[in-house]
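*Asks:* Just passing along the structure, written as structure tokens.
There are 2 protein chains.
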Amino acid sequence: MTTAPATRILVVDDEPQIRSALDVNLRARGYAVDLAVSGEDALHRAAAHHPDLVLLDLGLPGIDGLEVVRGLRGWTAVPIIVLSVREAEADKVAALDAGADDYVTKPFGMNELLARLRATLRRHQPGPGQPVVRTDDFVIDLEAKRVVRGDVDVHLTPTEWAVVEYLVRHPGRLVTQRQLLQHVWGPQYESETNYLRVHLAAIRKKLEPNPSQPRYLITEAGMGYRFEL
Amino acid sequence: MTTAPATRILVVDDEPQIRSALDVNLRARGYAVDLAVSGEDALHRAAAHHPDLVLLDLGLPGIDGLEVVRGLRGWTAVPIIVLSVREAEADKVAALDAGADDYVTKPFGMNELLARLRATLRRHQPGPGQPVVRTDDFVIDLEAKRVVRGDVDVHLTPTEWAVVEYLVRHPGRLVTQRQLLQHVWGPQYESETNYLRVHLAAIRKKLEPNPSQPRYLITEAGMGYRFEL
DNA sequence: CCTTGGCGTCAAGAAGTCGCTAAGACGCGC
DNA sequence: GCGCGTCTTAGCGACTTCTTGACGCCAAGG
């Protein structure tokens, strides 16, 4: 029997006690743990090791935890669970808005944390990780970066692919214009919604059975887009 | 069987009769009660004993009850239920704006008080933050920014969503008009309650089974709104 | 019994957003 | 330097969403 590679978790916290408590408990459950002590450290380690999940304390010295969330979301959809003290209610909402997946309030029970961690991982690995998304009208192979409609290949330009991939990797979920822009074009883009309009139109023309009445790539006016299975 | 440690309640009131009435009734229900006779006393005792809930009379000699709320919120998110006489309407709103969780008007029925107390404790227990909120009539997915009623999607506009999200993220708690306005429209808005009326009406039409007799989005006249699970 | 204040409702106009098209700019391989 | 695919930019009508004001209702208080 081959052993599945361990799930890699990046723990970001400046308090040594919490760091080592998490380290011990996670290792005991068979996770591979990477530790970061600051926001900068976290961003570097994430870029270097591509963890499967990030456990992020919001109250960091230096770079704010919120900035770390944004920094990560600029290029990756890795699930992020935020830790914060109860007072920082507004920060938690802001973190979720910035793209965090869940949050746990300190002080937390280790069991609750582990449960949320498993739930978040489960959500982000739909079953035995199927890199292929099927609809009635087309098939998207995320691994091979191919789209087939009927029985012919559909060619997507790089930008179109980036948009489609991001939407498809968050099925059913509302993706804000900011999220899409920053993921596809870069962190400094946030208000160029005309890019999205043009490229979405092009994508719909290629994928939707009836581009003028989209069934899969839904616009939510004033908010963003949603990929409907 | 291990005995759960008693829930600790800090009672703050300068009137001896009310203090002892609360003391007796709360002890009879198995709560551990700590008594404070003034605002200063309350702040000291809260810092020393970390109560699980604070019952705070607004009409205190010396430090105002409002200041006590602010003082507590500076470092703890302990639930606060405010007691006040009916006349002090403005004080109640101010206390809620400062971060109190609920209020009870004096003279109060002991049963009502106990019910609110249990409700407040209950919702502070399991940590907030489920990304999905269910009621008998609809499901709100905070993560996906999606609302389903029965089995059809309900479409919310950006403003409607912002209002619903804020209320739902503070379930059971009385949210003042100010809080909603400033969170949704921005800091400079505080008295445009007509916005709230119009948008709440639209939301109720979409979510409530009987919009003219709301079950979930409750209006508290003169104060604000409450999302009741 | 009447006034007052807060709320719900409705409708119309204002403001904002989106889809679509087409033209110009860019970058890469040849 | 040329051509091709691709991306950016601009503009317009259509549509969605927000704001605003008027009106009626109800409860509290004089």
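From first to last, the protein sequence lines stand for chains L and F. Counting from 1 along the first sequence, just add 40 to a position and that's the residue number in the numbering used here. Counting from 1 along the second sequence, just add 40 to a position and that's the residue number in the numbering used here. We put the CB at the ideal spot given by N, CA and C, even for glycine. Keep in mind it's a predicted model, so treat the numbers as computed, not measured.
1. Applying a beta-carbon distance threshold of less than 8 Å, which residues of chain L neighbour threonine 197 of chain F?
2. Check whether the Cβ of valine 109 of chain L lies closer than 8 Å to any Cβ atom in chain F.
3. Please identify the residue among F/Val204, F/Gly212, F/Ala242 and F/Arg213 whose C-alpha is closest to the C-alpha of valine 224 of chain F.
4. Would the C-beta of proline 251 of chain L count as close to the ligand GTP, meaning under 7 Å from any of its heavy atoms?
5. Leaving out five residues on either side along the sequence, give the residues of the same chain with a beta carbon under 8 Å from the beta carbon of methionine 150 of chain F.
6. Comparing the C-beta of glutamate 80 of chain F with each C-beta of chain L, is any distance below 8 Å?
7. Locate the alpha helix (DSSP H) running through glycine 114 of chain F, then write down its first and last residues.
8. If I'm right that leucine 136 of chain F touches threonine 216 of chain F with Cβ under 8 Å, what's the distance once you round it to whole angstroms?
9. Contact between the segment 82-102 of chain L and the segment 43-57 of chain L is defined here as three or more beta-carbon pairs at a separation below 8 Å; is this criterion met?
10. Can you grab the Cα-Cα spacing for the pair glycine 167 of chain L / leucine 161 of chain L, in whole Å?
11. Identify whether leucine 272 of chain L lies in helix, strand or coil by the three-state DSSP scheme.
12. Cβ of tyrosine 256 of chain L less than 8 Å from any chain F Cβ?
13. What residues in its chain sit with their C-beta under 6 Å from that of valine 125 of chain L, if we drop five residues either side in the sequence?
14. Nearest to threonine 199 of chain F by CA position, among F/Pro211, F/Val73 and F/Lys185, is which residue?
15. Once you ignore the five residues that flank glycine 102 of chain L on each side, which residues in its own chain have a CB closer than 7 Å to its CB?
16. Taking CB distances under 8 Å as the criterion, tell me whether leucine 185 of chain F reaches chain L.
17. Given aspartate 142 of chain F, which residues of its chain have a CB within under 6 Å of its CB, disregarding the five upstream and five downstream residues?
18. If you count every other CB in all the chains shown that lies within 10 Å of the CB of proline 56 of chain L, and 16 or more means buried, which is it?
19. Comparing alpha-carbon positions, which option in L/Val173, L/Ala117 and L/Ala68 lies nearest glutamate 268 of chain L?
20. Inspect the beta-carbon positions of tyrosine 265 of chain F and leucine 240 of chain F and report whether they are closer than 8 Å.
21. Are any of the Cβ atoms in chain L nearer than 8 Å to that of proline 147 of chain F?
22. Tell me which residue opens and which closes the beta strand (DSSP E) that tyrosine 256 of chain L is part of.
23. Can you list the residues of chain F that glycine 282 of chain L reaches, using a CB-CB cut of under 8 Å?
24. Along the alpha helix (DSSP H) that carries lysine 245 of chain F, what are the first and last residues, could you check?
25. So, is the C-beta of aspartate 142 of chain L closer than 8 Å to a C-beta in chain F?
26. Show which residues of chain L have a CB atom less than 9 Å away from the CB atom of proline 171 of chain F.
27. Return helix, strand or coil for isoleucine 58 of chain F, following the three-state DSSP convention.
28. Which value, in whole angstroms, describes the spacing of the CA atoms of arginine 218 of chain L and leucine 75 of chain F?
29. So, for threonine 42 of chain L: in the same chain, excluding its five sequence neighbours on each side, which residues have a beta-carbon less than 6 Å away from its beta-carbon?
30. Does threonine 42 of chain L get closer than 8 Å to chain F when you measure Cβ to Cβ?
31. Return the residue from the list F/Leu106, F/Trp201, F/Arg48 and F/Val179 that minimises the CA-CA distance to methionine 263 of chain L.
32. With DSSP run on the structure shown, which of helix, strand or coil describes glycine 167 of chain F?
33. According to the Cβ coordinates, are arginine 163 of chain F and proline 211 of chain F closer than 8 Å?
34. Using a Cβ cut-off of 8 Å (strictly closer), state whether arginine 209 of chain F contacts chain L.
35. Nearest CA to the CA of lysine 245 of chain L: which residue from L/Gly70, L/Thr233, L/Asp191 and L/Asp177?
36. Which residue's Cα is closest to the Cα of leucine 100 of chain F: F/Arg59, F/Glu152 and F/Pro227?
*Replies:* The relevant details are as follows:
1. Here residue 197 of chain F corresponds to residue number 157 of the second sequence, with the count starting at 1. What threonine 197 of chain F touches in chain L: Ala261 and Gly262.
2. Along the first sequence, read from residue 1 onward, the residue named residue 109 of chain L stands at position 69. No, valine 109 of chain L lies away from the interface with chain F (no Cβ there is under 8 Å from its Cβ).
3. Within the second sequence, the letter at position 184 stands for residue 224 of chain F. Closest by alpha carbon: F/Val204.
4. The ligand GTP is absent from the structure shown, which contains no ligand whatsoever.
5. Counted from its first residue, the second sequence places residue 150 of chain F at position 110. These residues qualify, in order along the chain: Ala61 and Asn65.
6. For the purposes of this step, residue 80 of chain F is taken as the residue at position 40 of the second sequence. So, not an interface residue.
7. In the second sequence, residue 114 of chain F corresponds to position 74, counting from 1. From DSSP, glycine 114 of chain F is part of no alpha helix (DSSP H); its letter is neither H nor E.
8. For the purposes of this step, residue 136 of chain F is taken as residue 96 along the second sequence, with counting starting at 1. For the purposes of this step, residue 216 of chain F is taken as residue 176 along the second sequence, with counting starting at 1. Contact holds; Cβ gap of about 5 Å.
9. yes
10. Here residue 167 of chain L refers to the residue found at position 127 of the first sequence. Here residue 161 of chain L refers to the residue found at position 121 of the first sequence. The pLDDT assigned to glycine 167 of chain L is 48, lower than 50, so where the model puts this residue is not dependable, and the model offers no usable value.
11. Nothing can be reported for residue 272 of chain L: it is not among the residues displayed for chain L, which extend from 41 to 269.
12. Here the question's residue 256 of chain L lines up with position 216 in the first sequence. With 8 Å as the cut-off, tyrosine 256 of chain L does not count as an interface residue toward chain F.
13. On the first sequence, residue 125 of chain L is found 85 positions in, with the first residue counted as 1. Correct list, in chain order: Lys146.
14. In the second sequence, counting from the first residue as 1, residue 199 of chain F sits at position 159. Of the listed residues, the one whose Cα sits closest to threonine 199 of chain F is F/Lys185.
15. Walking along the first sequence from the start, residue 102 of chain L turns up at place 62. Cβ within range, chain order: Ser78, Gly79 and Glu80.
16. Position 145 of the second sequence, counted from the first residue, corresponds to residue 185 of chain F. One point to set straight first is that residue 185 of chain F is lysine, not leucine, in the sequence displayed. Chain L contact via Cβ: present.
17. As a working note, residue 142 of chain F is residue 102 in the second sequence. Here the set comprises Ile121, Arg156, Thr160 and Leu214.
18. Translated into positions along the first sequence, residue 56 of chain L becomes position 16. With fewer than 16 other Cβ atoms within 10 Å, it is exposed.
19. As a first step, residue 268 of chain L is located in the first sequence; it is residue number 228 there, counting from the start. Looking at the Cα atoms, L/Val173 is the closest of the given residues.
20. By 1-based counting over the second sequence, the position of residue 265 of chain F is 225. By 1-based counting over the second sequence, the position of residue 240 of chain F is 200. It is a contact, given that the beta carbons lie within the stated cut-off.
21. As a first step, residue 147 of chain F must be located in the second sequence, where it is residue number 107. It does not: the Cβ of proline 147 of chain F has no partner Cβ on chain L nearer than 8 Å.
22. The count along the first sequence starts at 1 and reaches residue 256 of chain L at position 216. Taken as a continuous stretch (DSSP letters only), tyrosine 256 of chain L belongs to no beta strand (DSSP E), as it is neither H nor E.
23. Here chain L comprises residues numbered 41 to 269, so residue 282 of chain L is not present and cannot be evaluated.
24. Here residue 245 of chain F is taken as the residue at index 205 of the second sequence, counted from 1. Looking at the DSSP string, the run of the alpha helix (DSSP H) that includes lysine 245 of chain F is 233-247.
25. Numbered from its first residue, the first sequence carries residue 142 of chain L at position 102. Interface residue, yes.
26. Your numbering for residue 171 of chain F matches position 131 in the second sequence. Per Cβ cutoff of 9 Å: Leu136, Asp141 and Asp142.
27. If you number the second sequence from 1, residue 58 of chain F lands on position 18. Three-state result, isoleucine 58 of chain F: helix.
28. Taking the first sequence and counting its residues from 1, one reaches residue 218 of chain L at position 178. Taking the second sequence and counting its residues from 1, one reaches residue 75 of chain F at position 35. C-alpha separation (whole angstroms): 51 Å.
29. As a working note, residue 42 of chain L is residue 2 in the first sequence. Confidence at threonine 42 of chain L is low in this model, with a pLDDT of 44, below 50, so the placement of that residue is unreliable and no value is reported for it.
30. In the first sequence, the residue the question calls residue 42 of chain L occupies position 2. Note that threonine 42 of chain L has pLDDT 44, beneath the 50 cutoff, so the model's placement of it is unreliable and no number is given.
31. By 1-based counting over the first sequence, the position of residue 263 of chain L is 223. Nearest of F/Leu106, F/Trp201, F/Arg48 and F/Val179 to methionine 263 of chain L, Cα basis: F/Trp201.
32. For the purposes of this step, residue 167 of chain F is taken as residue 127 along the second sequence, with counting starting at 1. Confidence at glycine 167 of chain F is low in this model, with a pLDDT of 46, below 50, so the placement of that residue is unreliable and no value is reported for it.
33. Taking the first residue of the second sequence as position 1, residue 163 of chain F is located at position 123. Taking the first residue of the second sequence as position 1, residue 211 of chain F is located at position 171. Going by C-beta atoms, arginine 163 of chain F is nearer than 8 Å to proline 211 of chain F.
34. Position 169 of the second sequence, counted from the start, is the residue given in the question as residue 209 of chain F. Yes, arginine 209 of chain F counts as interfacial toward chain L.
35. Your numbering for residue 245 of chain L matches position 205 in the first sequence. The residue with the shortest Cα to Cα distance from lysine 245 of chain L is L/Asp177.
36. If you number the second sequence from 1, residue 100 of chain F lands on position 60. Ranking F/Arg59, F/Glu152 and F/Pro227 by Cα distance to leucine 100 of chain F puts F/Arg59 first.
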